[in-house]
Amino acid sequence: MAESWGMIVDLDRCTGCQACVVACQSENNIPINEEEHFNQRRAIQWIRVERYWEGEFPNVRARFVPIFCQHCSDAPCEPVCPVYATYHNSEGLNVQVYNRCIGTRFCANGCPYHARFFNFWEPEWPESLTNQLNPDVTVRSRGIMEKCTFCIQRIRRTKRAATKSEGDSSAETIFANPELERALSPACVNACPTDTLVFGDLFEMLSARRAGERLPKPKNRAQEIVRRELQDAENGRGYRVLEEKGTNPSVIYLSKVDKETVEEAVSHG
Amino acid sequence: MIPGDFQIKKPSGKQMMLLSTLGIGGLAAAVVVVLGLTWVISAWMGTPIIFASEEGPEQPIAFPHTTHVQDLGMDCTFCHREVTKSAQATIPSVGMCMTCHQVVDGSTEAAQAEIEKIRDAYSSGDPIAWVRVHRVPDHVHFVHDAHISFFSERDGVAPTAVCSTCHGSVGSMEKVRQVRTLKMSDCVDCHRDNGAPTDCTTCHY
């Protein structure tokens, strides 16, 4: 398994519609967040759309930034866990092992993205929703940490399906087949109506960059974007959230392009 | 006797009684603790020595795997249809039983009574409350399909021949019981022996 799963978030496309949030909540058996939970800052949202206001009335702009676990390569949450319940696996995922977690919450304190959530209560659903729980995802009990997994259950399922239908479970085979790519991509990516989120295996790009070699031919859409950004960093829009913290995240954001700034650049240029 | 020499006072009859009760009681308590610990530890390891039952649980309908597998030679995958396709092995629906049992009656009176139960369930539409024998915790994701296809391809055998690796010879069990501990060590040992991944997120997610 030589993969390095990563995500691209093109903020220029994000409309803040929250479809990703809903998809994530239902895919990953996340209990329903009530008003009380938000007031206590104990709501669980593996992905959330942060909204910022920019400018003064009447020239205000809403900025939307979807934030979820950045699957940092140098994750601050990992070394602090006393029971190794969170670690980096061979696929570049920052994983959380629920049955190991003892709920010290050190990891959540270390996370600069507020991407980790503690189960303060036993999860509950109304009777009408118990049959919509995803059997492929553990229902986390009270007292343990949880966070975005990049829908690892979908990765596992698609790899099994690919082994069966294509005889090979490599990322290259999966991304060559749109149907498999869709099955592999996390729920938020599939739900996004504007194609803001792009999921992919960045392994070849990242390893070439680390080794200082020529960037290889992109093998999926995410690699294409990363390659473009790496080759033309000057004019590119790529950045990573709180990169100065040195967490080395696997999620790359593409900044918003404003009509005005573009016009300005054109008129001055 | 040297004057001033220390002499142990002889206990009185009452004190003797108290001492012996305490001694015997303590011994009994020690035995209970040891037995309890033996049971707890052995249960933790997966095989309770005391109270261990060689028989599986009583099912609402006494379904004889012996008759269906040994006598009739039916394939596991004939009834547990999804086992080669999905994570779950799946228990056949009542309708599946009825494909045969609409016309097939039992040879003995006891068997006929049991088959009658299936027909009642079919006509009333109520599901049968089978008692689950094999269960792994919720945080473990065991995928039947992946294990069956791996072993049947590697050894070149039919999928049915793989089932007994974990389930024992169900065909010879009157009441189905668990034969392996199905604890994590059991899984991991096998994964190591067969070169399967042992990353936590192989099963826990």
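So the sequence lines, in the order shown, correspond to chains A and B.
The numbering used here numbers the first residue of the first sequence as 692 and each following residue consecutively.
The numbering used here numbers the first residue of the second sequence as 1433 and each following residue consecutively.
Where is the CB? At the ideal position from N, CA and C, for every residue including glycine.
Residue-chain proximity (residue i, chain A), Cβ-Cβ < 8 Å
| i | result |
| --- | --- |
| Ala-1521(B) | no |
| Asp-1577(B) | yes |
| Tyr-1637(B) | yes |
| Asp-1631(B) | yes |
Residue i versus the options, residue with shortest Cα-Cα distance
| i | options | result |
| --- | --- | --- |
| Gln-844(A) | Ala-852(A), Asp-827(A), Ser-856(A), Lys-855(A) | Asp-827(A) |
| Lys-1442(B) | Ile-1434(B), Leu-1451(B), Gly-1436(B) | Leu-1451(B) |
| His-779(A) | Arg-796(A), Thr-795(A), Cys-760(A) | Cys-760(A) |
| Pro-1559(B) | His-1576(B), Ser-1525(B), Cys-1622(B), Gly-1458(B) | Ser-1525(B) |
| Arg-1567(B) | Val-1620(B), Gln-1520(B), Tyr-1637(B) | Gln-1520(B) |
| Cys-708(A) | Ile-721(A), Leu-897(A), Glu-741(A), Tyr-804(A) | Glu-741(A) |
| Arg-905(A) | Leu-921(A), Asn-911(A), Ala-913(A) | Leu-921(A) |
| Ile-699(A) | Cys-883(A), Glu-925(A), Lys-936(A) | Cys-883(A) |
| Phe-797(A) | Pro-767(A), Lys-950(A), Asn-785(A), Phe-811(A) | Pro-767(A) |
| Asn-822(A) | Glu-718(A), Lys-950(A), Val-712(A) | Glu-718(A) |
| Ala-714(A) | Glu-857(A), Leu-824(A), Asn-750(A) | Leu-824(A) |
| Phe-1582(B) | Ser-832(A), Ile-846(A), Arg-847(A), Arg-851(A) | Arg-851(A) |
| Ala-806(A) | Tyr-930(A), Ile-758(A), Leu-871(A) | Ile-758(A) |
| His-1571(B) | Tyr-1637(B), Val-1565(B), Phe-1510(B) | Tyr-1637(B) |
| Arg-739(A) | Thr-829(A), Phe-729(A), Glu-745(A), Gly-746(A) | Phe-729(A) |
| Ser-832(A) | Trp-812(A), Gln-716(A), Pro-770(A), Asn-911(A) | Trp-812(A) |
Residue i CB to nearest heavy atom of the ligand ATP below 7 Å
| i | result |
| --- | --- |
| Glu-951(A) | Looking at this structure, you won't find the ligand ATP or any other ligand, since it has none at all. |
Below-8 Å beta-carbon distance, residue i vs any chain B residue
| i | result |
| --- | --- |
| Asn-724(A) | no |
| Ile-843(A) | yes |
| Asp-827(A) | yes |
| Val-880(A) | no |
| Arg-807(A) | no |
| Ser-856(A) | no |
| Asn-810(A) | no |
| Asn-780(A) | yes |
| Tyr-743(A) | no |
| Asn-790(A) | yes |
| Val-786(A) | yes |
| Thr-821(A) | no |
| Val-830(A) | yes |
| Thr-795(A) | no |
| Thr-887(A) | no |
| Thr-840(A) | yes |
Neighbourhood of residue i by C-beta distance below 6 Å, restricted to the same chain and skipping five residues each side
| i | result |
| --- | --- |
| Pro-909(A) | Glu-915, Arg-918 |
| Leu-724(A) | According to the sequence displayed, residue 724(A) carries Asn and not Leu. Here the set comprises Ala-734. |
| Ile-1550(B) | Cys-1529, His-1533 |
| Val-880(A) | Leu-888, Phe-890 |
| Phe-808(A) | Ile-735, Glu-837 |
| Ser-764(A) | Asn-939 |
| Ala-862(A) | Glu-694, Asp-892 |
7 Å CB neighbourhood of residue i in its chain, flanking five on each side removed
| i | result |
| --- | --- |
| Trp-1562(B) | Gln-1491, Pro-1492, Ile-1523 |
| Cys-1598(B) | Arg-1612 |
| Pro-1496(B) | Glu-1606 |
| Glu-815(A) | Pro-722 |
| Phe-841(A) | Trp-696, His-762, Leu-784, Pro-877 |
| Gly-834(A) | Gly-794, Asn-810 |
Contacts around residue i, its chain only, beta-carbon distance under 8 Å, and the 5 residues preceding and following it disregarded
| i | result |
| --- | --- |
| Cys-1508(B) | Val-1501, Val-1515, Pro-1591, Thr-1592, Cys-1595, Val-1602 |
| Leu-702(A) | Arg-754, Phe-755, Val-756, Thr-887, Tyr-944, Leu-945, Ser-946, Lys-947 |
| Phe-894(A) | Ala-693, Glu-694, Ser-695, Gly-783, Ala-862 |
| Pro-803(A) | Pro-767, Leu-933, Lys-936, Thr-938 |
| Ala-1628(B) | Phe-1582, Cys-1622, Thr-1634 |
To test your reading of the DSSP string, which unbroken alpha helix (DSSP H) runs of 4 or more residues are found completely within the segment 855-926 of chain A?
Taking only runs of at least 4 residues, the alpha helix (DSSP H) segments lying wholly in the segment 855-926 of chain A are 862-867, 869-875, 878-882, 894-902, 912-922.
Compile a chain-ordered list of the residues in the segment 1558-1574 of chain B whose CB is closer than 9 Å to at least one CB of chain A.
Within the segment 1558-1574 of chain B, the qualifying residues are Pro-1569, Asp-1570, His-1571, Val-1572, His-1573.
Completely contained beta strand (DSSP E) runs for the segment 810-856 of chain A, where each covers 3 or more residues:
Correct list: 836-838.
Inside the segment 1439-1516 of chain B only - alpha helix (DSSP H) runs reaching at least 4 residues
Segments of the alpha helix (DSSP H) lying fully in the segment 1439-1516 of chain B: 1445-1477, 1508-1511.
Taking only runs that begin and end inside the segment 713-756 of chain A, name each unbroken alpha helix (DSSP H) of 4 or more residues, in chain order.
If we require 4 residues or more, the alpha helix (DSSP H) runs fully inside the segment 713-756 of chain A come out as 726-730.
Short-range partners of chain B found in the segment 849-873 of chain A, where Cβ spacing is below 9 Å:
Those residues of the segment 849-873 of chain A that come within reach of chain B (Cβ to Cβ, closer than 9 Å) are Arg-851, Thr-854, Lys-855.
Please give me, in chain order, every unbroken run of the alpha helix (DSSP H) with length at least 4 that falls completely inside the segment 1512-1567 of chain B.
DSSP runs (the alpha helix (DSSP H)) wholly in the segment 1512-1567 of chain B: 1526-1533, 1541-1556.
Please go through the segment 1565-1625 of chain B and give each complete beta strand (DSSP E) segment of 3 or more residues, from N-terminal end onward.
Runs of the beta strand (DSSP E) inside the segment 1565-1625 of chain B: none found.
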